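K.L.:
Each residue of the sequence shown is one higher than the one before, starting from 2 at the first, in our numbering. Every residue, glycine too, gets a C-beta built ideally from N, C-alpha and C. On a predicted model such as this, the values are computed, not experimentally measured, just so you know. Submitted below is the structure of interest, expressed as structure tokens.
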Amino acid sequence: HWSCVVASWDGQMMRLYLNGVLEAEHEFSGPLLDPKDAVFRIGYANYGVGSFVQAIERVQIYNHALDAKELHALLGADERAVRAAQKLRAARANRAQAIKESLAILKQYEHPDWLRGEANEVLLQGCRSGQGSMLPSAAVKNLRAKHASMGDATLAAALQRAFCESLVRECKWDEAVTEYERMVSANPAARETYAMVLWRSGKCAQACEQFALLRDQAEQSLSVRALAAYAIVKIQSQQENTAAAREALAALVALKGVPAHLIAEAKELVDPQPAVDSRRPWDDFAKTPLAFYVAPDGSDAQEGSKAKPFATLTRARDAVRARTNKAEGVTVFVRGGRYVVRETLELDAQDSGQASAPVIYRAYPGERPIFDGGFHVKDFAPVTEAEILARLPESARGQVVVADLKAAGYSSFETQRPYGRGEMNLGRG
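Now the structure itself:
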């Protein structure tokens with residue numbers, strides 16, 4: 002898309018505008034051109050650093066520094082478009098927010114082409130960086146249509162992946178299966194995800210076929226083959242196909258080097274064992290001569306007695322460490338109630354007891370302590386913002402409520418990324 006770059010100088014301050022939004026400014030009192038025959042340039046580049054290559058449609062030079070009104074007239078932009086551009090630039094450091102602002106811009110067809118072009122570029126960057134699943138599938142579909150003729154294979158692959166992930170997030174299973182099937186035909190590395198999508202969409206037989214292909218491919222890593230084999234065991238067990246589950250288990254065991262815990266889990270799926278209550282009655286625990294108490298209404302400034310309990314396990318741990326007679330066992334009794342947890346309790350070698358002097362942490366008899374690391378959100382109210390209401394189906398308006406997470410103590414709104422390997426936990430739509 003075409004952009005308008007304006008370099009302005011009023012004799013005191015140099016400013017650089019991109020599509021009407023101030024990008025940079027620096028004090029400079031001149032002279033602008035010295036010596037007389039110097040080449041007029043904007044910026045400076047050396048050895049290629051800081052330089053760029055772009056097509057230029059036209060260059061205009063003015064005899065004065067353009068003000069905001071002149072800039073906007075040059076762009077054919079109204080105040081609404083400029084404000085939208087400013088919000089988009091301000092959100093650049095937060096990809097999720099930038100995507101949100103871009104989608105809002107593209108919904109307003111009266112916005113000028115340069116602004117819509119900027120918004121499209123933000124969405125493309127999101128897809129290139131692997132964050133395309135944050136976009137609505139309809140938006141990704143439009144991007145694919147616009148850029149289908151560009152011949153950029155890397156971009157096409159990124160858009161295809163983003164479209165598939167968006168469909169999964171929206172639980173549009175039939176479309177997702179079709180798109181992943183196309184993706185696998187061009188990129189076999191996507192087969193594992195394709196198999197998972199088939200599984201979650203209820204196409205269990207097809208999922209087992211894809212997992213079997215992964216399991217039987219010698220060029221795949223052991224972890225991929227083992228997890229594929231385990232997935233077949235799990236699917237067949239869930240479908241109560243006992244014979245097929247046993248056959249899949251045998252195939253898993255036949256793989257060399259499979260972790261023992263994975264085989265044990267698979268065997269448990271095929272032949273579940275009755276649960277055994279390993280809890281010990283209260284009287285079976287050793288009685289210790291020393292005891293500390295923790296309670297939700299306690300205080301870490303207190304002595305930790307039953308009448309004056311501590312407030313945290315960390316304070317109780319420190320008291321256990323500080324006891325003078327290490328040959329005495331100690332019990333930390335935790336009274337019932339809710340404990341707000343903002344940091345984990347750390348125990349190391351010095352916190353271990355001995356057979357004759359155990360260190361015991363336990364709930365107070367007959368009470369139930371709850372350690373809660375979440376944030377309790379209250380004061381939900383119906384949505385009233387016109388912009389949000391416009392995005393909701395008419396049948397949902399008045400039924401959707403919102404709350405202030407920051408007021409509840411949750412202040413981190415960065416993108417939450419999955420790590421490691423696991424199953425997609427998505428319900429059917």
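Over the uninterrupted beta strand (DSSP E) stretch that includes residue 435, give me the two end residues.
P.N.:
Absent from the structure is residue 435, since the part of the chain shown begins at 2 and ends at 430.
K.L.:
Helix, strand or coil: which one does DSSP assign to residue 3?
P.N.:
coil
K.L.:
Mapping the DSSP letters down to three states, classify residue 452 as helix, strand or coil.
P.N.:
Nothing about residue 452 can be reported from this structure: the residues present for the chain run from 2 to 430 only.
K.L.:
Can you give me the start and stop residues for the alpha helix (DSSP H) that residue 135 sits inside?
P.N.:
Counted as a single uninterrupted DSSP element, the stretch harbouring residue 135 is not any alpha helix (DSSP H), since DSSP gives it neither H nor E.
K.L.:
State the DSSP-derived secondary structure class of residue 164, mapped to helix, strand or coil.
P.N.:
helix
K.L.:
Looking at residue 259 and residue 227, is the spacing between their C-beta atoms short of 8 Å?
P.N.:
yes
K.L.:
Does the Cβ of residue 371 have 16 or more other Cβ atoms within 10 Å, making it buried, or fewer, making it exposed?
P.N.:
Under the 10 Å beta carbon count, residue 371 is surrounded by fewer than 16 other beta carbons and is classified as exposed.
K.L.:
Out of curiosity, what's the CA-to-CA distance linking residue 182 and residue 57?
P.N.:
42 Å
K.L.:
Can you tell me whether residue 197 is helix, strand or coil according to DSSP?
P.N.:
helix
K.L.:
Just to confirm, are residue 329 and residue 273 a CB contact at a threshold of 8 Å?
P.N.:
no
K.L.:
Anyone know if the C-beta pair for residue 77 and residue 32 falls short of 8 Å?
P.N.:
Result no, Cβ atoms of residue 77 and residue 32 do not sit closer than 8 Å.
K.L.:
Alpha carbon to alpha carbon, what distance is there between residue 176 and residue 168?
P.N.:
7 Å
K.L.:
Apart from the five residues just before and just after residue 354, which ones in its own chain have a Cβ nearer than 8 Å to its Cβ?
P.N.:
Correct list, in chain order: 330, 331, 360, 361.
K.L.:
Using the C-alpha atoms, what's the distance from residue 368 back to residue 313?
P.N.:
17 Å
K.L.:
To the nearest whole angstrom, what separates the beta carbons of residue 340 and residue 373, a pair I think is in contact under 8 Å?
P.N.:
The Cβ separation is near 7 Å, so the contact holds.
K.L.:
Look at the alpha carbon of residue 82 and the alpha carbon of residue 148, and state the distance between them as a whole number of angstroms.
P.N.:
Pairing residue 82 with residue 148, the inter-Cα distance amounts to about 25 Å.
K.L.:
With distances taken between CB atoms, is the gap from residue 185 to residue 202 smaller than 8 Å?
P.N.:
No, these two residues do not count as a Cβ contact at 8 Å.
K.L.:
To the nearest angstrom, how far is the alpha carbon of residue 191 from that of residue 257?
P.N.:
24 Å
K.L.:
In the structure shown, what three-state DSSP assignment does residue 90 receive?
P.N.:
helix
K.L.:
Under three-state DSSP, which class holds residue 425?
P.N.:
Note that residue 425 scores a pLDDT of 47, beneath 50, so its modelled location is shaky; the value from the coordinates is reported in the next line. It is coil, neither helix nor strand.
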